[in-house]
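Chains as they are written, first to last, in the numbering used here: chain X, 11 to 539; chain W, 5 to 531.
Just so it is clear, CB atoms sit at the ideal spot from N, CA and C, and this is done for glycine as well.
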Amino acid sequence: MADATYDAVIIGAGHNGLALGTYLARAGFEVGIFEKRAEEGGGLCTEELTRPGFLHNVHCNYHTLVGVCPVYEHLELEKHGLRYVRPAVQMASVFDDGTALTVHTDLDKTCASLARFSRKDADTFRRLYEETKGYLDMILLTLMYSPPISMKDITKALVAWGVEEKAEFLSVHLRRLSIDQFLDQHFESAKVKAHLAFHAACAGYSTDRKGLAVSFPLLAGKIDNWHLCVGGSHALAHALWEAFAHAGGRVFLQHGVRRILVEDGRAVGVELEDGSTVRARRIVASSIDLEQTLLSMLAPGVLPDAVRDDAARFPHMDWSFFSVHLAMNRPPRYAAAAFDPDVDQAWVVNLGYESPGEIDRHWQEVRAGRLASPRPNAAVNSLFDPTDAPAGGYTGLLRHFAPYALADGGPEAWDRVAREYGRRCIDQWRALAPNLTDDAILHWETYTPLDIARRIPNMVRGDWMGGLIDLDNMLDRRPSASLSQYRTPVSGLYLCGATQHPHGFVTFAPAFNALQSIAEDHGVERWWR
Amino acid sequence: MAPERYDAVVVGGGHNGLCAAAYLARAGQKVGVFESRHEEGGAVHTSEATVPGFWHNLHAQYMEFIDYMPFYHDFDLPGFGARMIKPQCQVGMAFEDGRPPLLIYTPDLAEKTHRSIAHFSRHDADVFDDIRRKVMAADQAIAAMLYGPRNPEAVVGDLGRLWADLGMTPADFGKPAKELIDRLFESTELRAVLYRQCLEWGADPHEGTGFAFVICCIWLCGIHYLVKGGTHMLAHAMASACLREGVHLRYNHRVREITTREGRATGIVLADGRAIEAKVVVSNLDIRTTYLGLVGEDNVTPEMRAAVEGWRFGPEHCLGTPSFALHAPPDYKSARHDPDINRCFYTIVGYETAEQVSEYILQAFAGRPPERPAAGTWVNTLWDSSQAPPGKHAMNGWYFFPKASDLSEAEWNDVRATYNARFLELWQRHAPNMTRDNVIADALYTPLDIEREMGMLEGDFGHGRPKSLSALAMGQSPSLRQGRTGIAGLYLCPGNGVSAAPGYIAYKSAAEDFGLPAVWKRDDRGY
Numbered sequence: 011m012a013d014a015t016y017d018a019v020i021i022g023a024g025h026n027g028l029a030l031g032t033y034l035a036r037a038g039f040e041v042g043i044f045e046k047r048a049e050e051g052g053g054l055c056t057e058e059l060t061r062p063g064f065l066h067n068v069h070c071n072y073h074t075l076v077g078v079c080p081v082y083e084h085l086e087l088e089k090h091g092l093r094y095v096r097p098a099v100q101m102a103s104v105f106d107d108g109t110a111l112t113v114h115t116d117l118d119k120t121c122a123s124l125a126r127f128s129r130k131d132a133d134t135f136r137r138l139y140e141e142t143k144g145y146l147d148m149i150l151l152t153l154m155y156s157p158p159i160s161m162k163d164i165t166k167a168l169v170a171w172g173v174e175e176k177a178e179f180l181s182v183h184l185r186r187l188s189i190d191q192f193l194d195q196h197f198e199s200a201k202v203k204a205h206l207a208f209h210a211a212c213a214g215y216s217t218d219r220k221g222l223a224v225s226f227p228l229l230a231g232k233i234d235n236w237h238l239c240v241g242g243s244h245a246l247a248h249a250l251w252e253a254f255a256h257a258g259g260r261v262f263l264q265h266g267v268r269r270i271l272v273e274d275g276r277a278v279g280v281e282l283e284d285g286s287t288v289r290a291r292r293i294v295a296s297s298i299d300l301e302q303t304l305l306s307m308l309a310p311g312v313l314p315d316a317v318r319d320d321a322a323r324f325p326h327m328d329w330s331f332f333s334v335h336l337a338m339n340r341p342p343r344y345a346a347a348a349f350d351p352d353v354d355q356a357w358v359v360n361l362g363y364e365s366p367g368e369i370d371r372h373w374q375e376v377r378a379g380r381l382a383s384p385r386p387n388a389a390v391n392s393l394f395d396p397t398d399a400p401a402g403g404y405t406g407l408l409r410h411f412a413p414y415a416l417a418d419g420g421p422e423a424w425d426r427v428a429r430e431y432g433r434r435c436i437d438q439w440r441a442l443a444p445n446l447t448d449d450a451i452l453h454w455e456t457y458t459p460l461d462i463a464r465r466i467p468n469m470v471r472g473d474w475m476g477g478l479i480d481l482d483n484m485l486d487r488r489p490s491a492s493l494s495q496y497r498t499p500v501s502g503l504y505l506c507g508a509t510q511h512p513h514g515f516v517t518f519a520p521a522f523n524a525l526q527s528i529a530e531d532h533g534v535e536r537w538w539r
Numbered sequence: 005m006a007p008e009r010y011d012a013v014v015v016g017g018g019h020n021g022l023c024a025a026a027y028l029a030r031a032g033q034k035v036g037v038f039e040s041r042h043e044e045g046g047a048v049h050t051s052e053a054t055v056p057g058f059w060h061n062l063h064a065q066y067m068e069f070i071d072y073m074p075f076y077h078d079f080d081l082p083g084f085g086a087r088m089i090k091p092q093c094q095v096g097m098a099f100e101d102g103r104p105p106l107l108i109y110t111p112d113l114a115e116k117t118h119r120s121i122a123h124f125s126r127h128d129a130d131v132f133d134d135i136r137r138k139v140m141a142a143d144q145a146i147a148a149m150l151y152g153p154r155n156p157e158a159v160v161g162d163l164g165r166l167w168a169d170l171g172m173t174p175a176d177f178g179k180p181a182k183e184l185i186d187r188l189f190e191s192t193e194l195r196a197v198l199y200r201q202c203l204e205w206g207a208d209p210h211e212g213t214g215f216a217f218v219i220c221c222i223w224l225c226g227i228h229y230l231v232k233g234g235t236h237m238l239a240h241a242m243a244s245a246c247l248r249e250g251v252h253l254r255y256n257h258r259v260r261e262i263t264t265r266e267g268r269a270t271g272i273v274l275a276d277g278r279a280i281e282a283k284v285v286v287s288n289l290d291i292r293t294t295y296l297g298l299v300g301e302d303n304v305t306p307e308m309r310a311a312v313e314g315w316r317f318g319p320e321h322c323l324g325t326p327s328f329a330l331h332a333p334p335d336y337k338s339a340r341h342d343p344d345i346n347r348c349f350y351t352i353v354g355y356e357t358a359e360q361v362s363e364y365i366l367q368a369f370a371g372r373p374p375e376r377p378a379a380g381t382w383v384n385t386l387w388d389s390s391q392a393p394p395g396k397h398a399m400n401g402w403y404f405f406p407k408a409s410d411l412s413e414a415e416w417n418d419v420r421a422t423y424n425a426r427f428l429e430l431w432q433r434h435a436p437n438m439t440r441d442n443v444i445a446d447a448l449y450t451p452l453d454i455e456r457e458m459g460m461l462e463g464d465f466g467h468g469r470p471k472s473l474s475a476l477a478m479g480q481s482p483s484l485r486q487g488r489t490g491i492a493g494l495y496l497c498p499g500n501g502v503s504a505a506p507g508y509i510a511y512k513s514a515a516e517d518f519g520l521p522a523v524w525k526r527d528d529r530g531y
C-alpha cells in the first residue's frame, strides 16, 4: 500500500484489536488496523469447512461473558447486527451407564438434575451459585475489566469487602488448590464433579493445576451464561468491523506488519510486509503474540534484555484442541434421553467423562504428547441457530483436549493421525447417540492443533488462549511483571491481546484494559463511562 | 414492534449489491444490505479450501474490469486495502508434446505476443495485433456500453465504426464466434485459446455471439489483474467502502420476500419474519429467484413472467473449481522454448488442438463432465507469496462442467472424488513435476456446490442469460431496461464477471427514478 499516517496503528484485527480501535476511533483518533490474515476477527473464525452452507466455528464457539462485558453495550454491537442465543439447556454430561446430567439456564432445573446423582451436591451447587451471584458480577467487572492488581491486593480487598468472612466458597485457600481439589472438598458425586470439571476445562482451565481453584467460583457462576453467536462466531467480527468502520476506522487485511518503527525510544509506526511505512502519530498497539511483537517486530537492542527474556520465556498452554467438524442430516439422539430427555436439547455435551480423575489422566496423556482415549465434547449449534446449516442440515462439532506436539512425530504427525483419531471421536459419539449412523454424516473434517497454528499465526503452538492459565501467569504477573500493565518499555507501544490479563477467549478485557492505560497516558476523553 | 426502516435495501451482498449500496448511501440514502451467507462479496470469494494457510479463489479468479470500474475508482478501493497485481504474461497454453507455448501478454507488450503467435502463424500474429490495437483504441466506448453510456448514440456510432474497421459485416454480428475465429485465424493453437476465452466470458463459441467475441474477447484477453491476498480482498475493500458510507451490512439474513403494493416495492421480509420497509429495493439475486421466489407468483406482471420464461441457467458458465496445495509450481515441457509459460497468470492445460476445446465444450453442454479433464489454471503464489505458507504454492483452476441438475448428487460426489486425479494425470503429462508427491492436498468445488453455497442456479456464475435474441429484445422494453423490473422501486443487479456494472446501472436507474443526487457523474468518463 501507499505510505500512510494514523493516530493509532493497531497490529491484528482480532476481536481485541477491533474493539480497541473502535473505542479510539470514537474518541476522535484516526485508526488503521493491520492484519496478516485474509479475514478480520482472529479466532472469531467461521468456515464452510465441510459442505456449502454448513458454518463451522473452527476456533471460538462459546461466548460466556455476554451481559457482563461492558464492550457489547459501549460499542452497540446489537445495532451492528450482533445476535446471540443462550440455549435453555446449556450443557450435559452423558454417561456410559445411560444416565445424564443437564445444566439449564433455570437453576431449579439444574439442581433437579444434579439431585438425581446427589441431593447434597445439588444443594451445594445452589449455595455456590447463589453466593457467587451475590458478588460475582461486581468481582468480574472489577477484576477483569481494569488493569490487574496483585493476588495479595485482591485478598486484602476481599477481606475489606467482607467477602472472605461471609463466603462459604471463596477463600484465600483457593490459591493453594486445584479445581479438582476444590470439587473434592465440596462435592461427593463423581459424576457431578466430572461435569463441573469438564465445564472448567472447556473454558480453558486445567483442572489438575494448582491454584486455579481461585477462578472456579467465577466459572461456576457463569455456567449458565454460555452464548452462541447467530451466524457463527465470525458474525461478532462483522459487527465489530461495522462499528469500527462507522466510527471512521479502516481495517487492512493481508497487510502483515514486519517491523515496529522506534525512534528515540518511542514507537512511531510500523513497516508492513510489502515494504510500505505506516506512521503512528500517537500510539502503536499490538493485539498479537509476544514472540512476534517483542522478539521479531522490534529491532534487537530496543528492549531491555530482561524484558526480552520475559517474552521469550512466556509459557504457552500445554494443551490445545483437536476438533472434528461434521455436516449431518440429523441431530444426535442420546440413549440417555430415556433417563433425561433434556439431554437431546443440550448445547455443550460431555461425551463420557465419569470422574475428575479420568480428566486428570487425560491431562497427563496430553502433556506427554499422547492422544487420549476419546471423550470429546459435542455441540450442535444448528439446534439453536438454523442459519448455520442448510434446511434439514445440522452442523456438528466434536472437540478434544490434545497435545500440540505428538510424542511420536511432533506437530507434523497430526496430518498423519488426524483422520483416524477423528473417526475414534465419532465412534465415541455414536456409542452414546446410536442414531448417528454413517448415513447421518454427510461429511466430516478434522481440525488439529497444528491447523490452529497454521491458520492463526499468533496462536503459537496451537495456543488459543494466548498463554498458559496458571497462578504464576495471572493478574499482574501476566505475561510478566514488566509487561502486565499493557505498556511496554517502548513509549507509545501497547499490548492489547490475549497475552495480557485476564487471558484469551472472547472477554474483550485485554483491549478494554489497554484502553484505560492508553487513555491515561494520552488524555483520551473517556466517552464510554 | 414497529418495522425497521431504510431508504433502500439491497438483497444480497455480492459485489454488485455492494456497488449499488455504496452509491445509494453516498447519494444520502440510509441503506441496509441483507446477505444470506456469512461473508460479503458473493463469488468474490476466497477460501482455505485445501489446507489452512493456502488461499484459493473458488469463483472469480481474475479481474479484467479494474481499469474501467467506477466503483473501484469513485470509492478509492485501494484506500481500503485493495491491491492489484498485473502479471505481464497473461494468458498461455502449454502443450503435452512440448511444443512452444502460446502466450498473450499485456497490451503494452504487443511485440512479445506477436512473437509468440508468429511461431505458429505470422498471419495470425499480424491479425491478432491489428484487431487488438483497434479494439483497445475504442476501449472507452466498449466500457461505456457495459456501464451504461451517457451518450448512447455516440457510443453506438463508435462501435459501428470499429466493427467496420475490423472488416466485419453487419451479418457477422450474429454469427457464431467459432466461425469468425476460424475465418480470422489459421493456427489451431490460437483458435484453441480463443474458443476457451470466448466461453469464459459466457459466450458459447458455437452460437451466435460473434459481436461479443470480437469486441469483448480481444478487449479483455490480456488486461487481467489478480487481487493480492485473494479475490476476497476486493470484496472486503468494497464492503469497507460501504461501511464508510454508513451502510449496514447484515450477514446470515436471508430475505424471504420482497413486498409490493400497487405495483411498487415497499420493502422486504426476512426469513425470521422481521419486516423491513424501504422505498428502493435492489436485488442482487437472479431474475427467477427475485421474481418468482421473492416477489412471488401472485405479484409479478405478465411481462415479468415472460421475462423469466425467456431466461435460462447454464449450460454456459457452469464451473468446477479445482484447488491444489502444492510444494512447487508446475514446470512445463513447453518452458524449454519459452520460460514465460512457467510465469504465466492464466495457463490453459490439456488441449493439443482447437477441435479438442470445441469437443470439450460440447460435452459439457451435453450434460457430462468432459472426457478430457482439461482446465484453465492459476498459480497466484507466483506473484503473491502471501496466498500460501512460505515456499509453497496455491493453485486454482476452472473446468467447464454440466449444469448442476444434469448429474445426481451421487454423481457429483463421484466427480468430486475422482476428477482432480484425472486432471493431475493430464497435468503431469504437460508438466512432469506435477506428481502426486508434489500435491499437499486438493479439493474440487462443483456446480452443485456453487448452487448450494452461492445460490447461483445450476452453478451458472453468470446468473443465466436470455434464451434467444427475441428474449433479449424483450428485456429492452422500457419497463425492464437498465435494471428496472416492472415494479416501481425494484431493481435487479445480478451480473456476470466482476464488472460491478449491473450494480452501478441499478443505482443510476434508481437515482433517475427517485431524483437522487447523481453522485456517479464524472467529466472524464462517458458512463
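Inter-residue CB distance, residue i and residue j (contact presumed, cutoff 8 Å)
i: Gly564(X); j: Glu252(X); result: Here chain X has residues from 11 to 539 only, and residue 564(X) is not among them.
i: Thr235(W); j: His49(W); result: 6 Å
i: Cys212(X); j: Asn387(X); result: 6 Å
i: Phe518(W); j: Val312(W); result: So it is not a contact: roughly 25 Å between Cβ atoms.
Residue i: contacting residues in chain W (beta-carbon distance under 8 Å)
i: Arg464(X); result: Val55, Pro56, Gly57 and Pro393
i: Thr447(X); result: Simply none; closest approach about 18 Å.
i: Thr112(X); result: Neighbours of Thr112(X) on chain W: none; closest Cβ ~27 Å, over 8 Å.
Amino acids of chain W, ordered along the chain, whose beta-carbon sits closer than 9 Å to that of residue i
i: Pro62(X); result: Tyr449, Leu452, Asp453, Ile454, Glu455, Arg456, Glu457 and Met458
DSSP-derived helix/strand/coil call for residue i
i: Cys239(X); result: strand
i: Ser362(W); result: helix
i: Asp418(X); result: coil
i: Thr456(X); result: strand
i: Leu107(W); result: strand
i: Gly63(X); result: coil
i: Asp446(W); result: strand
i: Arg36(X); result: helix
Nonlocal neighbours in the same chain, by C-beta distance under 6 Å from residue i, ignoring five residues either side
i: Gly318(W); result: Lys407, Glu462 and Asp464
i: Ser40(W); result: Arg258
i: Ala29(W); result: Val35, Glu249, Gly250 and Val251
i: Pro97(X); result: Trp357 and Phe394
Interface residues of chain W facing residue i [CB-CB closer than 7 Å]
i: Asp461(X); result: Pro56
i: His256(X); result: Leu247 and Gly250
Neighbour list for residue i in chain X, Cβ cutoff strictly below 7 Å
i: His240(W); result: Leu263
Nonlocal neighbours in the same chain, by C-beta distance under 8 Å from residue i, ignoring five residues either side
i: Ala53(W); result: His60, Leu62, Ser327, Ala447 and Tyr449
Neighbourhood of residue i by C-beta distance below 7 Å, restricted to the same chain and skipping five residues each side
i: Ala417(X); result: Ala378, Gly379 and Arg380
Amino acids of chain X, ordered along the chain, whose beta-carbon sits closer than 9 Å to that of residue i
i: Lys283(W); result: Residues of chain X passing the Cβ test: none, with the nearest at roughly 22 Å.
Residue i: contacting residues in chain X (beta-carbon distance under 8 Å)
i: Thr50(W); result: Ala48
Using Cβ-Cβ distances below 9 Å, what residues of the region 385 to 403 of chain X are close to chain W?
Asp395, Pro396, Thr397, Asp398 and Pro400
Using Cβ-Cβ distances below 8 Å, what residues of the region 233 to 251 of chain X are close to chain W?
Val240, Gly241, Gly242, His244, Ala245, His248 and Trp251
By the 9 Å beta-carbon criterion, what residues does the region 70 to 93 of chain W contribute toward chain X?
Pro82, Gly83, Phe84, Gly85 and Arg87
Cβ-based contacts, 9 Å cut-off: residues of the region 252 to 263 of chain W near chain X
Here the close residues are His252, Leu253, Arg254, Tyr255, Asn256, His257 and Arg258.
Cβ-based contacts, 7 Å cut-off: residues of the region 121 to 146 of chain W near chain X
none
Listed in chain order, which residues of the region 425 to 440 of chain X have Cβ atoms closer than 8 Å to some Cβ of chain W?
none
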